[in-house]
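Add 5 to a position in the sequence shown, counting from 1, and you land on the number used in the working numbering.
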Amino acid sequence: MTASLASAIFAATSQRLKGYHLFSKEVIREIAQCAENQAGVSYQDWFKQIGLPKVELYTTKRGRTVPYITIAARSKSTKTLVINLPMGNSLDTSQLYQIATIAAVVPECTIVAFGNPSGKPFHFKRQKLSVKELFEIAFTSRRRSAVASELEYIDEHVKGDVYYAGYSYGALKALLEATYTTDTRLKGIILVDPVAHPRYRKQLLENFMATLKPMGEYVDRTGIEGYLAARKDAAETVNYNAGLRRPINIAIGMMLAKADFAQLFEAVLQHRPSLYATVAWASKSELGNDAHMEVTLHRLSHEYPHVQAMRLDGDRHSVANDIHLHAAIIREALNAI
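Shown next as structure tokens:
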């Protein structure tokens with residue numbers, strides 16, 4: 006790695022984040038420094054630097070499994086940040102690179118990240134749910150089964166304060182985890198471009214397909230070769246399309262089509278009025294509705310003292326594939342708590 010490359014990455018990342026007018030100088034500097042550290046480093050070496058462990062399977066009392074990783078905090082702390090991934094994504098090298106980037110800028114947090122049902126080599130048979138559970142996820146408001154394995158792991162292994170974060174379907178998972186969490190350890194939630202409102206299943210599928218075209222632009226603008234290599238290796242090894250055809254993902258898709266973000270979010274806040282909550286949404290998201298999100302977040306930020314809204318002007322749903330912007334949102338949100 007040349008000094009000029011690292012310096013250029015630092016400058017470009019700083020300039021990009023400044024343009025949003027959402028982040029403090031401290032956060033911009035931290036994220037830009039992370040980007041500089043990634044410049045010219047292979048994703049394998051980056052994982053070693055962060056101390057990324059191997060993906061493991063947690064087995065619930067009912068014999069179900071969920072893939073997860075835990076990255077220890079690098080400073081004395083009792084905080085845990087739970088990261089929920091987009092639909093159909095498990096803990097492949099691409100997602101691990103995003104998680105490692107977040108871990109690098111929140112050293113005070115232990116990171117727990119869960120993989121979603123996906124295709125081979127992440128097709129774990131014991132992620133299957135019963136017909137009754139699939140029906141509840143797809144057609145009713147009883148959706149605990151969608152996050153039951155994750156909640157059992159959190160209850161058993163996570164100590165201290167907990168923060169739930171998620172992007173896209175991961176944002177809905179974070180909301181469901183907050184909905185079904187019963188103890189007082191939950192301190193905050195961070196939601197990045199959730200599906201804004203219900204829509205027909207066909208429309209949801211078309212909207213999801215439209216998110217693919219801009220994705221490469223968000224990846225490329227990071228300028229990090231290691232990230233591009235991690236994505237390339239993931240694409241060559243993971244059968245995403247086969248994973249999306251699994252019954253559990255069909256049920257999840259039907260749940261996403263019916264989910265009402267504003268209703269679910271407000272229900273969580275009514276139950277936990279002192280909860281810290283940050284919602285970032287892309288103004289041109291294929292799965293969003295800018296006016297609806299603005300009105301909803303404007304109202305809720307006045308009714309609840311710790312709700313923070315971040316409007317990502319001009320961005321599309323694939324925005325979180327800019328790993329540095331994604332990390333900046335999470336870092337800024339945690340600073341507000």
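Even glycine gets a Cβ: it sits at the ideal position worked out from N, Cα and C.
Quick caveat, the model's predicted, so the values are computed rather than measured.
{"Asked": "Residues near residue 154 by beta carbon distance below 6 angstroms, same chain, minus five either side", "Found": "65, 69 and 71"}
{"Asked": "Boundaries (first-last residue) of the alpha helix (DSSP H) holding residue 98", "Found": "98-110"}
{"Asked": "Supposed contact pair residue 329 and residue 36 - C-beta distance, whole angstroms, cut 8 angstroms", "Found": "5 angstroms"}
{"Asked": "Secondary structure of residue 316, DSSP reduced to three states", "Found": "strand"}
{"Asked": "Between the CA atoms of residue 110 and residue 85 - distance to the nearest angstrom", "Found": "14 angstroms"}
{"Asked": "Residue 258 - containing alpha helix (DSSP H), residue span", "Found": "252-263"}
{"Asked": "Stretch pair the region 189-202 + the region 113-123: three plus CB contacts closer than 8 angstroms", "Found": "no"}
{"Asked": "Per-residue DSSP class, three states only, for residue 125", "Found": "coil"}
{"Asked": "Identified DSSP bridge partners for residue 72", "Found": "62"}
{"Asked": "Under 8 angstroms between C-beta atoms of residue 244 and residue 133", "Found": "no"}
{"Asked": "Residue 331 vs residue 103 beta-carbon contact at 8 angstroms", "Found": "yes"}
{"Asked": "Cβ neighbours of residue 267 in the same chain (closer than 6 angstroms, five flanking residues each side left out)", "Found": "301"}
{"Asked": "Nearest-angstrom Cα separation, counted from residue 51 out to residue 226", "Found": "19 angstroms"}
{"Asked": "Residue range of the unbroken alpha helix (DSSP H) whose run includes residue 119", "Found": "First-last for residue 119: 114-119, but that is the beta strand (DSSP E), not the alpha helix (DSSP H)."}
{"Asked": "From 76, 19 and 10, residue whose alpha carbon lies closest to that of residue 45", "Found": "10"}
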